[in-house]
Amino acid sequence: MYRKLTDDRLLLEEIKEVLFNESSGMFLWVHLQLEILWSTCFTDAEVRSALRQLPKDLEETYRYCANRINAHDKRALKVLKWVGFASRPLHVEELREAVAFEKQDTEFDSNKLPQRDFIIGSCANLVVLDPIDLCVRFAHSSIKQYLVKNGLPGPQRALQEQPFDEKQEEMNCGEFCIAYLCFSNFSLQIEHKCNATRDAVVPDPVLFAGPALKSSLRYLFRVPDSPKPQRVLQLRSIRTSTIPDRSQYKFLNYATVNWVGQTRSLARDSPMWEKFEKLATCFNETWNFHPWKPGGRSLRSQLHSLFGWAVRENHEPLLSIALNWKKEILQWDTHLYITPLPVMIRRWHRYCLALQKPIQT
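Take the sequence shown: its letters are residues 1 to 361, numbered as in the UniProt record's numbering.
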């Protein structure tokens, strides 16, 4: 529920006058000062005190806002990073999931989801909720420039010691996508179902065996005086092809689309490399996390598709994984319409040449 800043009309006029005189025509500056007053001042005396200490420009305003971020809550830092370095603006429901887990987590836990109000309020007016598409964005594009240049000030440096490195933060987003897609909610769900059994009621075989046999063996299957017409057997359930319910995982679509694109600079010594390799080489038909289309159902066909996509998109980490399976890569399925290996080699050769620095003359 919204509240009045003050009931004093004279104070309201004073606020208008001070903001108009100090703004230098900058609407964003005025907007942020009003947000700061509304969120930090609860008495007329506090309002007057704040008016005497207004930040002089946008950079000082950003520093003031950043100083108000809880230095002990890593989720606020995650909000800033996702808003600043995601490949597209995240819907508030996607962002709730994105900040609710760590890279070492193994399953999705809906009990850890923060409320919408926390997502917006945790960053002290630096981010806003777009009322049209419900995506979370910076209050102004210059906020990202400030964070990349200056990082977080004061005690908040405990969350982020250095200014934000754009390339590193984009890869950090990709690593969180990898961790999310490796949750047991996706990789183990099918395996749990495969071992399930159910009771089935079937007619007693003895009722059929006696009449069916014409030899002396028929006496081994004589029907008892009070036969049981039915028996209960435990049969393994057969999993039929179903479409998974993706709607319950709000962050799933972003993670599926962007885990490859935001990990182009992932190194083998990264703590996430093992999960990255597993995600690239484990072919999940139910969820389909790969951007490449498999040429068939065999492992060889899947690896061919991975290798071809990595070469075409110049994705070095994926290519290095594919080359671990050289034997399978070199054995081509002649019945499939797959790009021949020599063509891929020539493409990769051109890519390697392009990476070399030009000769200085």
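Glycine is no exception: its CB is placed at the ideal position from the N, C-alpha and C atoms. Please read these numbers as outputs of a predicted model, since none were measured by experiment.
- When the beta-carbon positions are compared, Leu54 and Val18 come within less than 9 Å of each other.
- Contact check between the segment 278-291 and the segment 129-138: fewer than three CB pairs, one atom from each, fall below 8 Å, which does not count as touching.
- The continuous alpha helix (DSSP H) containing Cys173 extends over residues 166-181.
- Nearest to Leu279 by alpha-carbon distance, out of Asn67, Ala179, Leu319, is Ala179.
- Residue pairing from DSSP places Arg137 in a beta bridge opposite Val128.
- Sixteen is the threshold: when 16 or more other Cβ atoms of the shown chains lie within 10 Å of the Cβ of Met272, as they do, the residue is buried.
- For the options Gln104, Arg297, Asp165, Ala45, the alpha carbon positioned closest to that of Leu181 is the one of Gln104.
- Of the other Cβ atoms in all chains shown, fewer than 16 fall within 10 Å of the Cβ of Ala267; this residue is therefore exposed.
- Its chain contains Thr106, Glu107 as the residues whose beta carbon lies nearer than 7 Å to that of Ser184, once the 5 sequence neighbours on both sides are disregarded; these appear in chain order.
- Residue pairing of Leu90 in beta bridges, as defined by DSSP: Val136.
- Distance from the CA of Gly121 to the CA of Trp325, rounded to the nearest whole angstrom, comes to 49 Å.
- Gly261 carries a helical assignment under DSSP once its states are collapsed to helix, strand and coil.
- When DSSP states are grouped into helix, strand and coil, His315 belongs to the coil group.
- For Arg68, the closest C-alpha among the options Thr40, Ala50, Ser49 is that of Thr40.
- Cβ atoms of His140 and Leu28 come within 8 Å of each other, at about 5 Å.
- Scanning its chain for C-beta atoms nearer than 8 Å, with the 5 sequence neighbours on each side dropped, one finds around Gly261 the residues Ser87, Gly174, in chain order.
- Where Cys65 is concerned, the enclosing alpha helix (DSSP H) starts and stops at 58-67.
- For Ser122, the three-state secondary structure derived from DSSP is coil.
- The Cβ-Cβ distance between Gly84 and Leu147 falls below 9 Å.
- Between the segment 247-262 and the segment 294-302 there are fewer than three inter-stretch CB-CB distances shorter than 8 Å, so the stretches are not counted as touching.
- Around the CB of His72, fewer than 16 other CB atoms lie within 10 Å, so the residue is classed as exposed.
- Residue state for Phe283 is assigned as coil, using DSSP reduced to three classes.
- Closest in alpha carbon position to Ser305, among Trp292, Pro317, Arg52, Leu90, is Trp292.
- Following the DSSP letters along the chain, one finds Asp44 inside the alpha helix (DSSP H) bounded by residues 44-51.
- Of Lys250, Phe176, Glu60, the smallest CA-CA separation from Lys275 is found for Phe176.
- Taking the CA atoms as reference points, Leu51 sits about 24 Å from Leu152.
- Rounded to the nearest whole angstrom, the C-alpha separation of His31 and Ile15 is 12 Å.
- In this structure, Trp82 is the residue among Trp38, Asn125, Trp82, Glu13 with its C-alpha nearest to the C-alpha of Tyr254.
- Taking the C-beta atoms as reference points, Cys135 is found nearer than 9 Å to Leu90.
- Annotated three-state conformation of Leu147 is helix, per DSSP.
- Here Ala45 is exposed: its Cβ has fewer than 16 other Cβ atoms, across all protein chains shown, within 10 Å.
- Tyr249 has its alpha-carbon roughly 46 Å from the corresponding atom of Ser24.
- In its chain, beyond the 5 residues on either side, Leu303, Leu306, Phe307, Ala310, Ile329 have a beta carbon closer than 7 Å to the beta carbon of Ala322.
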